[in-house]
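Numbering (the working numbering), first residue to last: 6 to 316.
Let me begin by presenting the structure, written as structure tokens, before commenting on it.
What follows is the structure, encoded as structure tokens:
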């Protein structure tokens, strides 16, 4: 069961204390610190854990510094270039490390400030959390989901708040929530499989294989692009799917997604990426630095070219 407790006036003080400690650990690497999550909103019931965003100049240096402290590194979770840590000695802390300019910093602050300034939304969010927390399955994780049903159950509410606040940023994320998977499948099916006369399998083994990574690009609260990349080995990856929804094509979303995907796989020590493309797609990929390569791999379409790039 998920534990939800009444608001504690000590929470802002605990954040301030932790912020000072983090400044001492990270020194000049720190740009800013933010208290986020429910414990940052006065009079809102919450899980008794302090969530802290730390904006840094160099995430790799921050990771090294924090690994030598009382924090435990937890990886990126579902957000590329978000580096998570937890501390369970003393009051529980969840730490979120971001490089300056990361989209999720703004998203967290918009949601926090909306709850601070909107009593009705705060009451509705608290009621939702209490309802989800009392569900006996709240702490369980569904098939191929990293997060608990409690966390997944809050997604629709958060997206609605972002819509109310006219959030218009771009977010490149790993496909996680039910809405995201539904849109991911729809875009893949309509743009790739239906267009090629192929049957689409929403339960294909690649959806749960740890070597396959599934991304979506949001613009505001609308998912516009789906991207699927497979790690073939420790140094080579294959782009399996890149599809932008029809209403959003020719607006730069595909190239934006490609650049972020390449940056991410490079951070995972991938040196080369290869792909199959239709001949008409050659100009798009050549603009991104791709050229003809050998790629001994099965393709789902008959007429294709093999392209690749060294990262």
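We treat Cβ as the ideally placed atom computed from N, Cα and C, and that holds for glycine.
Pair within 8 Å by beta-carbon distance, residue i and residue j
i, j, result
"residue 155", "residue 7", "yes"
"residue 58", "residue 12", "no"
"residue 217", "residue 235", "yes"
"residue 265", "residue 53", "no"
"residue 10", "residue 50", "yes"
"residue 189", "residue 132", "no"
"residue 279", "residue 298", "yes"
"residue 310", "residue 284", "yes"
"residue 91", "residue 83", "no"
"residue 115", "residue 170", "yes"
"residue 226", "residue 168", "yes"
"residue 182", "residue 157", "yes"
"residue 89", "residue 95", "no"
Residue i, buried or exposed, once every other Cβ within 10 Å from all chains shown has been counted against 16
i, result
"residue 161", "exposed"
"residue 135", "exposed"
"residue 165", "exposed"
"residue 305", "exposed"
"residue 262", "buried"
"residue 93", "exposed"
"residue 34", "buried"
"residue 259", "buried"
"residue 19", "buried"
"residue 21", "exposed"
"residue 41", "buried"
"residue 180", "buried"
"residue 267", "buried"
Alpha carbon of residue i to alpha carbon of residue j, nearest angstrom
i, j, result
"residue 27", "residue 97", "14 Å"
"residue 23", "residue 274", "33 Å"
"residue 74", "residue 178", "28 Å"
"residue 296", "residue 14", "59 Å"
"residue 47", "residue 78", "29 Å"
"residue 118", "residue 124", "11 Å"
"residue 64", "residue 45", "24 Å"
"residue 243", "residue 127", "44 Å"
"residue 184", "residue 159", "11 Å"
"residue 172", "residue 120", "15 Å"
"residue 336", "residue 208", "The requested residue 336 does not occur in the structure, where the chain is confined to residues 6 to 316."
"residue 239", "residue 196", "30 Å"
"residue 281", "residue 198", "15 Å"
"residue 192", "residue 241", "26 Å"
"residue 214", "residue 122", "42 Å"
"residue 25", "residue 31", "10 Å"
Residues that residue i bridges to, as DSSP identifies them
i, result
"residue 295", "Answer is none; residue 295 lacks a bridge partner."
"residue 84", "Bridge partners of residue 84: none, in fact."
"residue 177", "222"
"residue 235", "217 and 243"
"residue 99", "56 and 91"
"residue 302", "Per DSSP, none; premise fails for residue 302."
"residue 46", "The partner list for residue 46 (beta bridge, DSSP) is empty, contrary to what the question assumes."
"residue 104", "61"
"residue 282", "310"
"residue 51", "10"
"residue 254", "In the DSSP output, where bridge partners are listed per residue, residue 254 has none listed."
"residue 37", "60"
Proximity winner among the options, relative to residue i (alpha-carbon distances)
i, options, result
"residue 293", "257, 305 and 183", "257"
"residue 61", "36, 69, 44 and 50", "36"
"residue 108", "120, 222 and 249", "222"
"residue 248", "99, 17 and 228", "228"
"residue 38", "105, 77 and 65", "105"
"residue 29", "288, 47, 67 and 40", "67"
"residue 290", "314, 301, 307 and 271", "314"
"residue 316", "270, 307 and 122", "270"
"residue 272", "72, 200, 87 and 308", "87"
Below-8 Å beta-carbon distance, residue i vs any chain B residue
i, result
"residue 56", "This model lacks chain B altogether, as it is built from one protein chain only."
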